[in-house]
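First residue of the sequence shown: 98, per this note's numbering; consecutive thereafter. By construction, the Cβ of each residue, glycine as well, lies at the ideal position given by its N, Cα and C atoms. All figures in this text were calculated on a predicted structure; none of them were measured in a lab.
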Amino acid sequence: MGTGVSLGDRFRADGQATSVLKFSTGDPLSPIGPGSGYWRYIPTDRGIRFITGYNYHPGMGMAGRILDHHIFRPALGWATALSFDRLRLWAETGQDPTTAPNRWLLDAAARAAALTAAAVYLQHALAQSGQHGTAGFALAAAAATAAVLLPAHRTVPRAGRCLRRPPARDVARAPSTLATLPAPQNHPARPEGKRTTGS
98 MGTGVSLGDR FRADGQATSV LKFSTGDPLS PIGPGSGYWR YIPTDRGIRF
148 ITGYNYHPGM GMAGRILDHH IFRPALGWAT ALSFDRLRLW AETGQDPTTA
198 PNRWLLDAAA RAAALTAAAV YLQHALAQSG QHGTAGFALA AAAATAAVLL
248 PAHRTVPRAG RCLRRPPARD VARAPSTLAT LPAPQNHPAR PEGKRTTGS
């Protein structure tokens, strides 16, 4: 259970739109503590560039700080980038964002099946010799290569399509409204940060 305060600016003179957020929670089991984030929508010659930045203090005490570095923060970065690509597909193709997770799951399942097949072929190849063993190795290599290197269909959202570093330092700055946005009531304010992902 958490609380948040947000503020949006949709009609700036330079054509940009921004949104800022501060959030917090009193739940001791929450992996995410107080933090803040922002979104920028920047018109370019190629369309709209969508950039976000966020930072937070880990929850769950010492265990949370350890898990945050190795698990929670990387997973949030991946999920954020994946959601960006869902947004891009919606904006560029009209693809319903509610169907995007199904497409991603089907793609992941197909790759997992190919890797499983590669493991089975390899096991059979190791147990045999001669032409049968060679054929098994070849099939295992082909299945593994397809699972790893075959690109996802253009309708499948992928975190890898989004930049994980800002394309320019100036666009990575948090909007000035974030500094003046009050923290949620009943929760102490904390320093802000700039962990940024862009698309």
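Original post:
Taking just the CA atoms, how far does arginine 162 sit from leucine 184?
Top reply: Position 87 of the sequence shown holds residue 184. Position 65 of the sequence shown holds residue 162. Cα to Cα, leucine 184 sits roughly 30 Å from arginine 162.
Original post:
Relative to the C-alpha of alanine 176, which residue among Asp142, Ala276, Lys119 and Ala197 is closest?
Top reply: Residue numbering aside, residue 176 sits at position 79 when the sequence shown is read from its first letter. Of the candidates Asp142, Ala276, Lys119 and Ala197, the one whose C-alpha sits nearest the C-alpha of alanine 176 is Ala197.
Subject >> Nearest-angstrom Cβ-Cβ length linking alanine 211 and alanine 243, presumed shorter than 8 Å >> reply: To locate residue 211, count along the sequence shown from 1; it is residue 114. To locate residue 243, count along the sequence shown from 1; it is residue 146. Confirmed, Cβ separation roughly 5 Å.
Original post:
Would the stretch 151-165 and the stretch 126-143 be scored as touching if the rule is three or more Cβ pairs under 8 Å?
Top reply: Touching, yes.
Subject >> Residues bridged to aspartate 111 (per DSSP) >> reply: If you number the sequence shown from 1, residue 111 lands on position 14. Paired residues: none, contrary to the question.
**OP:** Output the distance between the C-alpha atoms of serine 307 and phenylalanine 169, rounded to the nearest integer angstrom.
**Re:** This structure cannot settle anything about residue 307, because the visible part of the chain is limited to 98 through 296.
**OP:** Provide the residue span of the alpha helix (DSSP H) that contains isoleucine 168, from first to last.
**Re:** Position 71 of the sequence shown, counted from the start, is the residue given in the question as residue 168. Here isoleucine 168 belongs to no alpha helix (DSSP H), and DSSP marks it neither H nor E.
Subject >> Residue range of the beta strand (DSSP E) that includes proline 198 >> reply: Working through the sequence shown from its first residue, we reach residue 198 at position 101. Proline 198 -> not in any beta strand (DSSP E); alpha helix (DSSP H) instead, spanning 197-224.
Subject >> Same chain, Cβ closer than 6 Å to alanine 256, neighbours up to 5 away in sequence not counted >> reply: Position 159 of the sequence shown holds residue 256. Taken in chain order, the residues that qualify are Trp175, Ala178 and Leu179.
Original post:
What is the rounded straight-line gap between the Cα of arginine 137 and the Cα of aspartate 193?
Top reply: As a first step, residue 137 is located in the sequence shown; it is residue number 40 there, counting from the start. As a first step, residue 193 is located in the sequence shown; it is residue number 96 there, counting from the start. Distance from the CA of arginine 137 to the CA of aspartate 193, rounded to the nearest whole angstrom, comes to 22 Å.
**OP:** Starting from the N-terminal side, write out each stretch of the beta strand (DSSP E) that is 3 residues or longer and does not extend beyond the stretch 126-180.
**Re:** If we require 3 residues or more, the beta strand (DSSP E) runs fully inside the stretch 126-180 come out as 129-141 and 144-155.
Original post:
According to the Cβ coordinates, are glycine 150 and alanine 269 closer than 8 Å?
Top reply: On the sequence shown, position 53 is the one that residue 150 refers to. On the sequence shown, position 172 is the one that residue 269 refers to. Against a cut-off of 8 Å, the Cβ pair of alanine 269 and glycine 150 comes out as a contact.
**OP:** Reducing DSSP to helix, strand and coil, say where threonine 274 ends up.
**Re:** Here residue 274 refers to the residue found at position 177 when the sequence shown is read from its first residue. Threonine 274 falls in the helix class under three-state DSSP.
Original post:
CA-CA distance, alanine 240 and alanine 214?
Top reply: Along the sequence shown, one-based indexing puts residue 240 at 143. Along the sequence shown, one-based indexing puts residue 214 at 117. Linking alanine 240 to alanine 214 through their CA atoms gives a straight-line distance of about 7 Å.
Original post:
Helix, strand or coil: how does DSSP classify glycine 123 here?
Top reply: Along the sequence shown, one-based indexing puts residue 123 at 26. Glycine 123: coil per DSSP, three-state reduction.
Subject >> For threonine 100: DSSP bridge partner residues >> reply: Here the question's residue 100 lines up with position 3 in the sequence shown. Ser121.
Original post:
Per DSSP, glycine 105 is paired with what?
Top reply: Mapped onto the sequence shown, residue 105 falls at position 8. Paired residue(s): Ser116.
**OP:** Leaving out five residues on either side along the sequence, give the residues of the same chain with a beta carbon under 8 Å from the beta carbon of proline 219.
**Re:** Taking the first residue of the sequence shown as position 1, residue 219 is located at position 122. Note that residue 219 corresponds to leucine in the displayed sequence, not to proline. Result list for leucine 219: Gly233, Phe234 and Ala237, in chain order.
Original post:
With C-beta atoms as the reference, is isoleucine 148 less than 8 Å away from proline 263?
Top reply: Counted from its first residue, the sequence shown places residue 148 at position 51. Counted from its first residue, the sequence shown places residue 263 at position 166. Between isoleucine 148 and proline 263, the C-beta spacing is below 8 Å.
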